[in-house]
Structure formats: C-alpha cells, structure tokens
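There are 2 protein chains.
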Amino acid sequence: MTAKKKSIDLLNDPDQVGLVVPRIFEHKEQFTVSGGALENFHLAYESYGRLNDSKDNVVLICHALTGDHHAAGIYSPEDKKPGWWNHIIGPGKPIDTSKFYVICSNCLGGCQGSTGPSSPKPSQPGDSYGMDFPDYTIKDMVKAQKKLLEHLQVKEIFAVVGGSMGGMQALQWIVDYPRFVRKSLIIAATARHSAQTIAFNEVGRRAIQGDPNWKNGSYTIDKGPGVGLAVARMMAHITYLSDEGMEEKFGRETRAQVAEGFEFSVESYLDHQGQKFIKRFDANTYLKLTKGLDRFDLVGENGLHESLKEVESKVLVISFSSDWLYTPEQNKLIVKSLHRLGKEASYLEIDHKLGHDSFLIDSPNFLRAVRVFLQGMDEGERLMQNKAGFRTLSNKYEVKKEADFKVIDEWVKPNERVLDLGCGRGILLEHLRNSKNIKGLGVDFSGEKSTSCISREVAVYQEDIRKALKDLKDDSFDWVIFSRMVEELEEPGQVLLDALRVGRRVAVSFVNHGYWKNRLQFLSRGARVQNEVYPDRWEASSLRNHFAIKDFEQFCVKSMQKDQIFKMGRKVFHRGDWVKKCSIWPNLRAGLAIYELIKV
Amino acid sequence: MTAKKKSIDLLNDPDQVGLVVPRIFEHKEQFTVSGGALENFHLAYESYGRLNDSKDNVVLICHALTGDHHAAGIYSPEDKKPGWWNHIIGPGKPIDTSKFYVICSNCLGGCQGSTGPSSPKPSQPGDSYGMDFPDYTIKDMVKAQKKLLEHLQVKEIFAVVGGSMGGMQALQWIVDYPRFVRKSLIIAATARHSAQTIAFNEVGRRAIQGDPNWKNGSYTIDKGPGVGLAVARMMAHITYLSDEGMEEKFGRETRAQVAEGFEFSVESYLDHQGQKFIKRFDANTYLKLTKGLDRFDLVGENGLHESLKEVESKVLVISFSSDWLYTPEQNKLIVKSLHRLGKEASYLEIDHKLGHDSFLIDSPNFLRAVRVFLQGMDEGERLMQNKAGFRTLSNKYEVKKEADFKVIDEWVKPNERVLDLGCGRGILLEHLRNSKNIKGLGVDFSGEKSTSCISREVAVYQEDIRKALKDLKDDSFDWVIFSRMVEELEEPGQVLLDALRVGRRVAVSFVNHGYWKNRLQFLSRGARVQNEVYPDRWEASSLRNHFAIKDFEQFCVKSMQKDQIFKMGRKVFHRGDWVKKCSIWPNLRAGLAIYELIKV
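Spelled out as structure tokens, the structure:
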C-alpha cells in the first residue's frame, strides 16, 4: 500500500525531496554473519538532506521485509512513483530533510542492490549464491549498516527509524550500539516472532519450496518458483492488512475491475500483488529473510530486559490498533521491559484501521507522532498551550488548575524518579524535569495527550493506569502522582496500594466532596452537587467516584491497620478558592486536598 | 483440535454413545444444485438416540468444512478416537441422546461418503467427477439433508445445530425451511464470507491449482496435488487457531518433539496437520467446498433482513471472543438482523482463547449454553434461583429487590413487546412472558447472566447497552425498561433518548439519591453516602452516576422543552422501605422512583 495520491509536483514542490540517486557502498573486507562469512558485500543506499557541521543530524531509515533503500524522492523528472515513505521524508515533513541527513540502505541479504542470495557467488560469478548464501539475521543487517555509516564518516545517529522489520532493526541498533544512537523510533514491530507469525512464514516457505521450479534453490532467473512465491506473497499480504480494511476496500465486490478468471475483486487484487511481487523479488531471498525474521528473538531464555540492559537511547515505540501481525501487545512488551530497567521509553498506540501496513499510510496522528519525537514541540502543541483553560504551572488566571501542581512541586526533590498517572499533556513532568532534573514517566490513555507528552520530551506510556501499574517494577519510582484523577478509577483503594508497590511515596490530590458548600447544596437542593469543580450535569456526565477527605482518611486508617504498607505523610488543604490553606476541619472547609503516602 | 482426553471408557461409560454404524442414504432421482444437476446422490450419515413417538425430538448436526458425519461414538470396541463432538453428544450430555434423536450427515459435495467431486462419474464410472462436479452451495447441502430427513420420515426438526460451515447450514435451514425447524443453534459462523476470508481461501486454492500434480483437477488418487493441498491446509489451520492459543501451545519452542527438518515446533505441527489432511481429503472437493463457502451470502444486495424475513425458528447464535475467522461481529450481524425483523433471537459471546476452533473444545460455558438452549433450565440455574439474595418476583423476604418489578409488571399490558436493558438473569421478562405473554428481549453484558436468560427461554442479546440500542430498530418495542441500572451508564441522558427511539414507552427505576436520609448523612458526616442501597465503600466501589429525582426531572423538563421527543407519564415513588408509596415531596421522601416516559 502506498500513500494516498495527492496532486503534488514530485519534482518542484518545496516539500519534496525531488530527484535522488541510489548509490552503492562496497565493503571490501571479509564480513561474518551468523551463518558464515562473506568475502565482501555491497549495500545499495540513498540519502536526503545534508550532514551538518556538528555531524549530529543523521536519521537512519530501516525498511520492511520486502522494502528497499528508495524511501523518498524520484529517479527522473518523469518518475511518478516516489519512494515508499515520501510522505514522511522531505523539507518540512516529519522527517525533515532541511534539518536531518537521512540515510536509507537496502538491507544486507536483500535483493534490491545489496549483497544477498541472488547476488553472484564470488567463487562462481556465473551463478548466484542461492541457498548457499549464509544464514543472516537482523543483527547482521545492522552490523552491515554500521559499516556503511562508518564509510560515510557518521560518528553518531540522531535517530534510527523503522517499521515492521525496520522496527526490529531500530531495536537491534540500540541493543548493539547503545552509545551510537540518540533516539530510536520503533514502529509496528516486535522483540520476537510469535508462533502465529512463524507459522505464516513457514506456510509461505513451504509454498516456495514445494514449487518444482524451486529446485532446492538452484533455479535460473528466467524460471524461478513463481507460483510458490506468488502464493507466499498473497498470503503474507493478507497479514499486512486488517479484516476491516479489506472489507472496506473489497467487500464481496464481484464486478468492477475484476480481471477475467476471477470471481471476487479481492482475488484479482491478491493475484496482482503476487504477480507484481515475483517480478521484483527473489524466492531464495524471501526464504532466507523470513527465516532471519523468525529467528529474531531478543527475549530468548533470559528475558527481554537482559537484551535491553545496555540501552541508552531514548525510545518511542508506536503500534497500530488494527495490526494483528505485530500486535499492540507485542510492541508494548519492548517498552514494558525498558521501563522495568528504568530506561526512558515511550509507547503510543495509533488508532488506525488498516492493519500492519498502517505505518506506510499518510495518517495525521502517526505523522505527528514521528514529527514531535524527532523535532520536539510542534505548532499544534504551541497553540494548545496558549489556550485559556490549559493546565499549566504559570498561567496566573487559572489558579485552580495549578493548585495541586504547586504543592507536588514543593514535595518532589531534584533528580527523583516521578511517575505521573493520568499525566495529560505532561505539563507537571515537563516542569519538574526543567526545574529539578527529575526522571519522569507519564501514563495516559489518550493518544492525543500522550503525543503532546512526546512533544515535550516527556516519556509517556499510553495505557490504562491499572495495567500500567501492573507492568512497572517494585520501588522503581520515588513518587507516584495522582493529580485529580482518582475519581475516575474503579476500586481506587487497590490502585493506591498498587502505586505504593511501584513508588516509595504517593502524592494524591483530589477535590474534597465533603466541602461544606457541597453539603449545604445537597441538603437544600437534594440533587447532585453542581458547581465550578463538578461542572457536569447528571445526564451528560461520565462515571465518577467522588469522595471526601473523610472517605480518604478512613480508607488510609483502615489500610494502615490492616497491612502496614504505608503511613500518611504531609497533608495540604486548600479552602474553596484553592489558594488559601486551611488546617482546621478540612473535611468541612477544604475544597482541595493533597496527601502524601509513604511506604513503610 | 479435538476435545481434551479424559480417562473415559468410550464403550461402556453411561454417558457415552458407544458403538455406532455409519449408514448411506441413496437419493435415486435427479437432484439440481446451483451449478447443474446430479443424476442421483448418496449421503453418509449417523444417528444416535431414538425418534420418539411424537417424532418431535430430532436434532440435526451440521459439520464444518472438512468434518464428517461421525460426530459421536466409536466404530469398534478398540476404537480410541470417538466422533468429533463426542463430548457434547451422548446420554445426559448437552445434546442428550436419551432425549433427542440426533442425526449427522456428511454434506453433499463432501468426500467422506457422500456424493462429491471425488465420487465416480456416472457416465464414466472409472473416473471421478473431479472439477466436472457441478458447483454447489450451502443451500444445496441443506436441500440434500432435507431429502435424507424425509427418507427418515422426520416431519419436524426440534433443533439444527452447527459450527463454522455447519453454522451456515443451520442458518440456511431456517431460511429455506422456516416451518420445519423449531430451534437453530448457529455457532462461530457468518451470514457471508468477508473479503479476508475469501482471500485466505483463494490463496489455498491457488496453492492447490499451482501444484503441477493438480492437472486441472484430473489427477489420479495416487498422485494428487499433495504439496498444494498441504499448503492450503496449513494456512487454513492457522486461521482456525488464535494468536494467543498458538503462543501458549508452541511459543518459540524449538526442541522437544520437533521432527527432523524443522526448526520450530509450530512448523512441525503444521506440517503434521498438512500431511494428515492430504491423506483424508480430496483436493478438488476442497476447491469446490471453499468456493461454495465464499459464495455463501445471505446479505446480498437487499440486506440480511430480506433473507431472514420468513424465519420462524428460535435462534441462538454463539461466537467466541478470540475467533478471528468468523468474528463475534460477523456472528452478531445475524442476530441484529433478526431483531430488526422482530424475530426471537439470542446472542452469546463465549470468552474463549482458542480462536475459531473453540467450538470443538470441551469448555464448560459453551457446553452449558448448548445444554440450556436445547433443554431449558439446568441444575446450576435452579440452585442459583434458590439462593437468598436472588432477585425475583416471588421472594417475600427481599422486598427491595422486587419493588420496581411489581410496578413495571402493572404497567406492561398483555402481548406487548418489552426490551429489558441490563436484564440480568431474565427474571422480569420470564415473569412477564408467563403472566402476560409478552414478547421480550433482554440485553446484558454478562455471559453468565445471558446464559441464565437462555435457560429461562428468554431471548437475550449479550452486548453493551449503548451498542445494543444502536442496533435496534425505531419503535420496535412497546416498552424499554431500565431497572436500577441507569446509574451505571455514561451520559445517561443520551441513552434514555436512544431508548425512546427504539420503544414507545420507557420505564426507568432508580434509587433516589436525594432521599432525606442521604442528605442528612452527607451533611453530618461529610462523606460518601453509605447504607443498604449504597453498600460500597469508596475504595472498593465501581464507577457510578448516582442521581436524584430532582436531577431526573430537570433532565426531562429540559429535554421536553428542547426536542419534544417524549412526555412524562406515570410516576411511582416508594418511601425508604421501598414498600409504602409516597406522593408529596418525593425527592425528599422517596427511596425509589419509577418513571414512565412516553414518546410523543
């Protein structure tokens, strides 16, 4: 699938990469891969933009299984088919070639210009390697890319970016060269192939190997196992799409555009994909590449955290909601492991219905995420921040919005580790980082707010709070913050106890439902309390668990008696204006309460 | 996948069908199928149990794509492999052969004893039909089954039951012979193949047809397209399982039990499935059968409701949460359409992780659903009903539990159509049906409670209330009932308005939060109200939207002014004891309120 076609001038539009020229890097020395040694190798590559003087603006793009190095631009003024990520790479685009020096190479073991199974065998240049090409893995691809970068005199990668198999490379990069890469953007990938994915690949391999023209890999170019390779591609192609996406595109359409010999559009579409593929791809390469993928396993026997323990890069993992090949759960696993190691890692799940191939689609939420991860705050976020009503630590007109932030700000000490549950746009964590150099992690269920966090360079985990807490390690934070969001939780008591497993201290701020004005209003009106802090009318409200200081204290006392997990620390109460403090009769007089719970 | 092996004596255990003998039915006349005519046909079949005197105890079992007529029992005392649904069929089992006369036939066009592409061609008995066998569909299979039943002198089917392709037959049965079938149990099926399913089938067909041994279908038995057929089966087998199920079964296991030539267990497992399959199944039959499935389309151009409009049977559709071949959504579509036609249909979604093949697994929730749909109330439900605390209309000790039921019972008139949102175990609808012959539909999100409804012969739609309301047709009910569950809804106002689209009248009962005791308690304690009707402590509570009579009336007045969709009808208020009525100052004095809203 390619990006939506717009009426763009691929040659002259100012945001287009324009004409590009593929190059070949030749590594002339012996090179060891997992299954043996190569006497030398070539990598085909392209680059866009320019290396800056400080040589710190390199963005490395890694392509997917059957992709190539032609990520952006066109080859001639007449060329109508730009590179596969042309909508993301270019001047002013998310991967901005006016800022970054972008490099993309065809992977080692590929068949689009790099050395692989279809390349001539050095000992018998008339023949290709075929199945004699040594087995290779993602690790070998990354090692070869490193040689290319050395050749280009690159000393540091600002960011490595890849989707699908490219995401696995982006992950392998930060494992193998932790100090060489500043940021890693891993998209729609996995830390290892699941049984289902191995199964699909195996069926594809069996289709190729069962084709009599395969001849154990020693076919000639003009008579390869086209039938088997097409079947393999057709099947794989289904896994790149989603049920919903296919249904929308084809449904049961049987008439329009169905070529002769086919009954349903989807059949003719798949056939076309298969036929197109066998013209551009080599069967032995497909066999070797899929085996390499199946063997990719950073989890192994010792767990993913063991593989990731040297990681120093900032990581963002992006998954797509409808991706059933490398599912959100599989992507999330990478971030979970990094968090358990105390590393800075973010996770976003983009709501997109086109399945695995969503990463190739021009979709605004995904593009924004790529942009802000690489470039920081964008225009949208700046506009949002200037809006009245934006919760901040500096907007003097919105005292209520910041009252609890200020207290928490006083409590947190420099360099502490802070987990903010329901972090919204990451304002508090951004402030604490800038003022106190804390190490923060936010959790929010909203993709849009989580993307805002990324734009502030605040690490964020887009996830349900309960699930996120389960994933985090004991005592991995100095502070766990619930800023006015406990009301939104089911069984809040258990969530608070879970937070005390993860953090040494918990800060909880909440609107005190027991405030005297609420009581009087309820007494006299006999209807739900409604005012500035409880703005929703009943009929339009979401579900809530409002509570009073008294409820909270009763819970704390009961819990402390029962389990002795925590003791109560500081308490701050604000009166109804959320400015003046109060200490006597807080349940009656306070509008806002902030509590510190300390693990014992 | 077969049922879990238990230590059972397949021959002598009292709940076993024991020895069975397959039979052949011979239809000697010409028989037309969608793609042509057969001079005659055979169907292989088995039966278990006995036809009763009133001849109304026939249960017809329809098998899946590659299944057969051997659904239960064994062929010899030494036989260790009983029929494919042996755990469901037998004396005392969900399909109870001490009550039912159970029949299962190999489908027309199959290759396990019935006439199909692998059968001898009448004009050239030395050859088989092969691809000359006329195309056939689910409809033809059902028509042939009907002939078998006529031969067996069956005048009426008590229930037709089938999973996967068998479910499509069970659906086709009630479309084509609406007055012949009393109940239809459609499991893990669909009303038409989606683009994705067609795509998978097409890849399988291409693998077979691409095998040089296929020879356009004129292969000989000893040299068929085994490689292609095995690839097709391997791929299809992946779609029968779930990602999670495969991960649990195989993961990345590479050592134990992996046959030579394979790297991962899952590869060797799939190979085994493929090899086993080519020994028992015929390639041309596979091609024809999958085409028949792909062409199955009861939606067509006029919509599913058009196909289903003559249906008279009671229908239960069961899907499995992890089935991604025939998804819950696809199964649900059948029930939605039946509801839009005002037919009696229930939907259950069984939470099971093994994917499509879950219907072949011995799992208690599924087996219970089959049992109660066929046999009515079971022991578990009776025990539950005798429990203290069970909400009922007769338990005098639990006045509060039935207070609103009694009012609603007075309002509903005989023969009306009643939708109960959040129906729980279906007590109210059961009572209204028994006392007033109403036509009811319950909606509940709990699978366990929905199964209880089935056991009471109360039609139930296991679904989120908001989604269920969206699916139902305008004015399709006389009453929509919310019995003490509006508190659990987000934006309850909109849900009430949606209900007024679907029903002519809405009955809403709720606990009045404005009751004076609540107000006084909140005033004096300043903590969340806690008492008999609000039992949860804050820390352990789920999210709620408590409201008062005043809130409700304000919403109604505002809505009526704005849209004039409804007017308020009767109101009944109970005092704090939920027994005595009260009419003056209800917001202060009433503990329970029941309102009638009438569409204008």
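Respectively, the protein sequence lines represent chains B and W. For the first sequence, the numbering used here gives the first residue as 1, with consecutive numbering after it. For the second sequence, the numbering used here gives the first residue as 1, with consecutive numbering after it. Built from N, CA and C at the ideal position, the CB exists for glycine as well.
Residues near residue i in its chain [Cβ-Cβ closer than 6 Å; skip 5 each side]
i      : result
B/V372 : D378, I454 and S455
W/H69  : A44, Y45, E46, C104, S105 and N106
B/L171 : I186
W/P178 : E310, V311 and E312
B/G116 : G109, G110 and T285
B/I485 : A small fix is needed here, since residue 485 of chain B is Met in this sequence, not Ile. Here the set comprises G422.
B/S98  : P91
B/N12  : none
W/W173 : V142, V160 and V181
Beta-ladder partner(s) of residue i, from DSSP
i      : result
B/D444 : B/Q462
W/A507 : W/I481 and W/E596
W/Y45  : W/R23 and W/S105
B/R417 : B/K439
B/V572 : B/I594
W/Q124 : W/K121
B/G36  : B/V33
W/E329 : The partner list for W/E329 (beta bridge, DSSP) is empty, contrary to what the question assumes.
B/I318 : B/I187 and B/L348
Neighbour flag for residue i against chain W, beta carbons, 7 Å
i      : result
B/P586 : no
B/R50  : no
B/G355 : no
B/P492 : yes
B/P225 : no
B/D135 : no
B/G210 : yes
B/G35  : no
B/M235 : yes
B/G251 : yes
7 Å Cβ cutoff, residue i in contact with chain B
i      : result
W/P328 : no
W/G90  : no
W/K396 : Confidence is the limiting factor: at W/K396 the pLDDT is only 49, short of 50, which leaves the residue's position unreliable and the question unanswerable from this model.
W/Q206 : A quick correction: the sequence has Arg, not Gln, at residue 206 of chain W. With 7 Å as the cut-off, W/R206 counts as an interface residue toward chain B.
W/P82  : no
W/I238 : yes
W/P117 : no
Close-in-space but distant-in-sequence residues of the same chain around residue i (CB under 8 Å, 5 per side omitted)
i      : result
W/G493 : F555 and S559
W/V458 : C423, G426, L429, E430, R433, G440 and G442
B/D15  : G90, P91, G92 and K93
B/V533 : K400, V511 and G591
Beta-carbon separation (whole angstroms), residue i vs residue j, contact threshold 8 Å
i      : j      : result
B/S242 : B/L65  : No, B/S242 and B/L65 are not in contact; Cβ-Cβ is about 18 Å, not under 8 Å.
B/F512 : W/L543 : Checking the sequence, you will find Asn at residue 512 of chain B rather than Phe. Contact doesn't hold; Cβ gap of about 19 Å is too wide.
B/S319 : B/K332 : 7 Å
W/I594 : W/D404 : 5 Å
W/I88  : W/P82  : So it is not a contact: roughly 11 Å between Cβ atoms.
B/A144 : B/F200 : Not really, about 26 Å apart at Cβ, beyond 8 Å.
W/A230 : W/F281 : Rounded, the Cβ-Cβ distance is 10 Å, inconsistent with contact.
Cβ shell of residue i (< 7 Å), same chain only, five flanking positions each side left out
i      : result
B/K155 : K55
W/K215 : none
W/R192 : F296, D297, L298 and V299
W/V412 : V418, L432, K436, I438 and W479
B/E39  : Q30 and P122
Chain B contacts made by the region 536-552 of chain W, where a contact means CB separation under 7 Å: W538, E539, A540, S541, S542, L543, R544, N545, F547, A548, K550 and D551
Contacting positions in the region 284-298 of chain B - beta carbon closer than 9 Å to chain W: K291, D294, R295 and D297
Within 8 Å of chain B by C-beta, residues of the region 192-203 of chain W in sequence order: R192, H193, S194, A195, Q196, I198, A199, F200, E202 and V203
Residues within the region 269-281 of chain B neighbouring chain W, beta-carbon criterion of under 7 Å: L270
Within 7 Å of chain W by C-beta, residues of the region 515-536 of chain B in sequence order: R519, F522, L523, R525, G526, A527 and R528
Chain-ordered residues of the region 133-164 of chain W with a beta carbon less than 7 Å from chain B: none
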